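Here the structure is laid out as structure tokens; the discussion comes afterwards.
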Amino acid sequence: KKRLLLKKSKRLIIVLRLFPRIMNFRIKSLVLLFFLIHSNVSAQQDIYPFLGKITEKSVHIRAGQSKSFESLGRVSLDEQVVVTDKSYSWYKIHLPKQALSYINQEFVKLMNNEVGEITSDRGNIRAGSGINYTVSGQLNKGDRVIILDQPEGWYKIQPIKDSYGWIAESFIKFVSSDVSGYNFQEN
4 KKRLLLKKSK RLIIVLRLFP RIMNFRIKSL VLLFFLIHSN VSAQQDIYPF
54 LGKITEKSVH IRAGQSKSFE SLGRVSLDEQ VVVTDKSYSW YKIHLPKQAL
104 SYINQEFVKL MNNEVGEITS DRGNIRAGSG INYTVSGQLN KGDRVIILDQ
154 PEGWYKIQPI KDSYGWIAES FIKFVSSDVS GYNFQEN
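For the record, in the sequence shown the residue sitting at position 73 is 76 according to this note's numbering, with numbers rising by one throughout.
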């Protein structure tokens, strides 16, 4: 946060030095005050992760940064999400518990009816039950998953902490930079 503010402040100082005769002290002060206030607001949203709140009634979580990607599920008005990154006008979020996640049965050994263990070195979590669906995360050998359903050849699993989806920036409002109280298993 400080590094971003310092970078923007250096740019402002350069601009102010270029126009010393044109700008009097009051104008320089007002420009500097406006810049510092604006930088603080935008800096909050440029630092990840942060806790965000959904601003619309029902919002799609996408498997990628556009509406053309598969929907992994929906989130509701005022629901909170953890935003981890931004690409263009899309926020990358940790998938909530209700999001769609699938893994090929070939990579999983059943421990019981509800728990499986990954047997391959790496297994892709996908947005649907097929290899043509977008990858939303990966599991490593020995990782355990909670199995929700068993479509042919695949397991529908509860999303893991390190699986992600995308929501358009306009549907998320910044709440806090403190995500320590967010429980990834419950959401």
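Beta carbons are placed, not taken as given, at the ideal position from N, Cα and C, and that holds for glycine.
Keep in mind the model is a prediction, meaning the values are calculated, not measured.
Measuring only the C-alpha atoms, how far is residue i from residue j?
{"i": "Phe99", "j": "Thr87", "result": "One point to set straight first is that residue 99 is Pro, not Phe, in the sequence displayed. Near 13 Å, if we compare the C-alpha coordinates of Thr87 and Pro99."}
{"i": "Ser61", "j": "Ser173", "result": "13 Å"}
{"i": "Gln153", "j": "Arg77", "result": "22 Å"}
{"i": "Ile170", "j": "Thr122", "result": "32 Å"}
{"i": "His97", "j": "Ala130", "result": "14 Å"}
{"i": "Gly120", "j": "Ser71", "result": "First, the residue type needs correcting, since residue 120 is Glu and not Gly in the sequence shown. In a straight line, the C-alpha of Glu120 is about 32 Å away from that of Ser71."}
{"i": "Glu82", "j": "Gly55", "result": "8 Å"}
{"i": "Arg125", "j": "Phe177", "result": "34 Å"}
{"i": "Trp93", "j": "Leu151", "result": "29 Å"}
{"i": "Val44", "j": "Tyr185", "result": "Because Val44 carries a pLDDT of 45, less than 50, the predicted location of this residue cannot be relied on, and the following value inherits that uncertainty. Each residue's Cα considered, the two are about 23 Å apart."}
{"i": "Asn115", "j": "Ile163", "result": "18 Å"}
{"i": "Val84", "j": "Glu73", "result": "19 Å"}
{"i": "Val118", "j": "Arg147", "result": "7 Å"}
Are residue i and residue j touching if we call contact CB-CB under 8 Å?
{"i": "Ile64", "j": "Ile175", "result": "no"}
{"i": "Phe53", "j": "Ser132", "result": "no"}
{"i": "Tyr91", "j": "Gln68", "result": "yes"}
{"i": "Tyr158", "j": "Val111", "result": "yes"}
{"i": "Val104", "j": "Ser139", "result": "Here the sequence assigns Ser to residue 104, which means Val is not the residue at that position. In contact: Ser104 and Ser139 (Cβ atoms closer than 8 Å)."}
{"i": "Gln108", "j": "Gly156", "result": "yes"}
Under the three-state reduction of DSSP, which class applies to residue i: helix, strand or coil?
{"i": "Phe177", "result": "strand"}
{"i": "Phe72", "result": "coil"}
{"i": "Glu120", "result": "strand"}
{"i": "Gln108", "result": "helix"}
Just to check my reading of the structure: residue i and residue j have Cβ atoms closer than 8 Å, yes? What is that Cβ distance to the nearest angstrom?
{"i": "Ile106", "j": "Ile128", "result": "6 Å"}
{"i": "Leu80", "j": "Glu59", "result": "6 Å"}
{"i": "Ile149", "j": "Gln141", "result": "Not really, about 17 Å apart at Cβ, beyond 8 Å."}
Please confirm whether any heavy atom of the ligand ADP lies closer than 7 Å to the CB of residue i.
{"i": "Gly131", "result": "No copy of the ligand ADP occurs in the structure displayed, which carries no ligand at all."}
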